[in-house]
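Participant:
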Amino acid sequence: MLARLAELKDTIKETLTERSPLQRYTDVDPKLAEKWEEELDAAIEAEYRRQRAELLLALQWWLRDVWLQKLGADAELVAFPELAYAVEAVSARITNAEALDNLRVVEQTQRLLRTNVQEALALEVGLLKLRL
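Our numbering puts the sequence shown at residues 1228 to 1359.
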């Protein structure tokens, strides 16, 4: 997941840099160029955090499907029916309590990532806590 997030950040940086006025206008006031650089950095970080949150949300929904499988809930409730094989495989290995703990771990990781915490460490610890 960390490699995927690094790729994601590189793609975002490349895309937003191409659209930046810094690429279109070379002869600008240095103060304006500095302002544009700061705005570009902020835009890259904001978009990265948004997409990272979406990725973690997808993981959380999948873990919810695992939890629902453990509870014997109706198949209509699952978010990712196309991943039923993976849900069944994981739910066969874990208990109801572990499935619920997985959801809590992802929620806690998301909360931590909204603070001033080292991203790689928070993600690594969170992912290592998952019982799959």
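All residues carry an ideal CB built from backbone N, CA and C; glycine is no exception.
1. Using 10 angstroms around the beta-carbon of Tyr1275, count the other beta-carbons present and answer buried if the total reaches 16, otherwise exposed.
2. Taking the alpha-carbon positions, what's the Asn1343 to Ala1349 distance?
3. Return the CA-CA distance between Lys1262 and Ala1270, expressed in angstroms with no decimal places.
4. Got a sec? Which residues, its chain only, sit under 6 Å from Leu1249 by beta carbon, not counting five neighbours each side?
5. On the three-pair Cβ rule with 8 Å, is the segment 1284-1300 touching the segment 1242-1259?
6. Give the DSSP-derived three-state secondary structure of Thr1253 in the structure shown.
7. Residue range of the alpha helix (DSSP H) that Asp1328 falls in?
Facilitator: The answer reads as follows:
1. Here the question's residue 1275 lines up with position 48 in the sequence shown. Buried.
2. Start at 1 with the first residue of the sequence shown, and residue 1343 comes out as number 116. Start at 1 with the first residue of the sequence shown, and residue 1349 comes out as number 122. The alpha-carbon atoms of Asn1343 and Ala1349 are separated by roughly 10 Å.
3. As a working mapping, residue 1262 is identified with position 35 in the sequence shown. As a working mapping, residue 1270 is identified with position 43 in the sequence shown. Looking at the two C-alpha atoms, the distance is approximately 12 Å.
4. In the sequence shown, the residue the question calls residue 1249 occupies position 22. Here the set comprises Trp1263.
5. Counting Cβ pairs under 8 Å, fewer than three are found: no touch.
6. Reading the sequence shown from its first residue, position 26 is the one you call residue 1253. Looking at Thr1253 - three-state DSSP - the assignment turns out to be coil, as it is neither helix nor strand.
7. As a first step, residue 1328 is located in the sequence shown; it is residue number 101 there, counting from the start. Start and end: Asn1323 to Leu1340.
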